[in-house]
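Converting from the sequence shown to my numbering requires adding 102 to each position, the first position being numbered 1.
Remarks on the structure that follows.
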Amino acid sequence: MRKDCPCGIFSSSSIITDFNQRTIHYKYIMSLLPILTFPNPVLRQKAKKVAVFDEALETLISDMIETMYDAPGVGLAAPQIGKSVQLIVVNAARDPDAQESMVMINPEITEREGEQIDEEGCLSVFDLTASVKRSKKVTVRYQDIKGGKQEMTVEDRFAVVLQHEIDHLNGILFIDHLSSLKRTLYKKKVKKMLAAQK
Ligand code: ZN
């Protein structure tokens with residue numbers, strides 16, 4: 103069985119155990135979800151709060167975790183897979199090769215401190231990485247997979263990931279933090295790319 107930690111972290115290896123025992127734990131069979139890319143309008147919507155903590159939510163979370171690692175990415179927000187709800191999954195492992203899945207439902211940044219500039223990319227923003235200025239340290243209030251209230255203070259790279267993913271829940275992409283010139287150039291590039299595909 104999956105062992106949930108009260109802080110919302112559970113190891114992906116326990117999910118894989120469920121996957122191997124799929125006759126018993128049928129509900130944990132995972133599937134990869136298609137990731138929406140800019141300029142899909144769902145990415146621009148303000149996501150709705152999650153109110154029901156049920157099996158359907160757990161299945162969505164498992165699928166999002168699987169999709170995140172497959173991409174591969176360090177974080178994924180529900181609007182990126184077309185579900186406009188306030189849910190993010192992140193890989194909280196310090197070692198880039200390790201997997202420590204963490205789920206935050208209805209997350210909200212309650213405190214910010216300092217500044218940092220780091221390179222960002224996004225599974226929904228094709229072919230672009232850029233330096234973005236973010237808070238150095240953030241405190242996030244959120245609910246875990248069972249609906250329990252949690253709070254966590256993180257800094258450095260993990261704080262960047264959380265700010266990036268929580269932005270997605272408000273319809274904000276990392277390109278919105280760039281200069282208007284850089285953003286315009288990127289929009290033009292995407293337009294050209296889409297026109298070439300037609
Ligand atoms: Zn993103």
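C-beta atoms are modelled at their ideal positions from N, C-alpha and C, and glycine is treated no differently.
Item                                                                                                                                                                  : Value
For residue 163, does the three-state DSSP call read helix, strand or coil?                                                                                           : helix
Can you find the residues in the same chain that come closer than 6 Å, C-beta to C-beta, to residue 67, ignoring five residues on each side of it along the sequence? : Nothing can be reported for residue 67: it is not among the residues displayed for the chain, which extend from 103 to 300.
Tell me where the alpha helix (DSSP H) around residue 271 begins and ends.                                                                                            : 258 to 271
Going by C-alpha to C-alpha distance, which of 133, 134 and 140 sits closest to residue 293?                                                                          : 140
Look at the alpha carbon of residue 178 and the alpha carbon of residue 167, and state the distance between them as a whole number of angstroms.                      : 8 Å
What is the DSSP secondary structure of residue 215, counted as helix, strand or coil?                                                                                : strand
Residue 176 bridges to which residues according to DSSP?                                                                                                              : Partner(s): none; residue 176 has no beta bridge.
Specify the secondary structure class of residue 276 as computed by DSSP and reduced to three states.                                                                 : helix
What three-state label does DSSP hand residue 231 in the structure shown?                                                                                             : strand
Of the choices 288, 174, 158 and 150, whose alpha-carbon is the least far from that of residue 229?                                                                   : 288
Roughly how many angstroms lie between the CA atoms of residue 222 and residue 238, to the nearest whole one?                                                         : 14 Å
For residue 152 and residue 296, what's the separation of their Cα atoms in angstroms?                                                                                : 33 Å
Can you give me the Cβ contacts of residue 138 inside the same chain, cut-off strictly under 8 Å, excluding the 5 residues immediately before and after it?           : 144, 145, 181, 182, 183, 184 and 226
Using a 10 Å radius around the Cβ and a threshold of 16 neighbouring Cβ atoms, would you call residue 136 buried or exposed?                                          : exposed
Can you tell me which of the three DSSP states residue 182 falls into?                                                                                                : helix
Have a look at 175, 163 and 186 and flag the residue whose alpha-carbon is nearest the alpha-carbon of residue 272.                                                   : 186
For the candidate residues 245, 265 and 169, whose alpha-carbon lies nearest to that of residue 214?                                                                  : 265
For ligand 1, any of its heavy atoms closer than 8 Å to the Cβ of residue 316?                                                                                        : Since the first and last residues shown for the chain are 103 and 300, residue 316 lies out of range.
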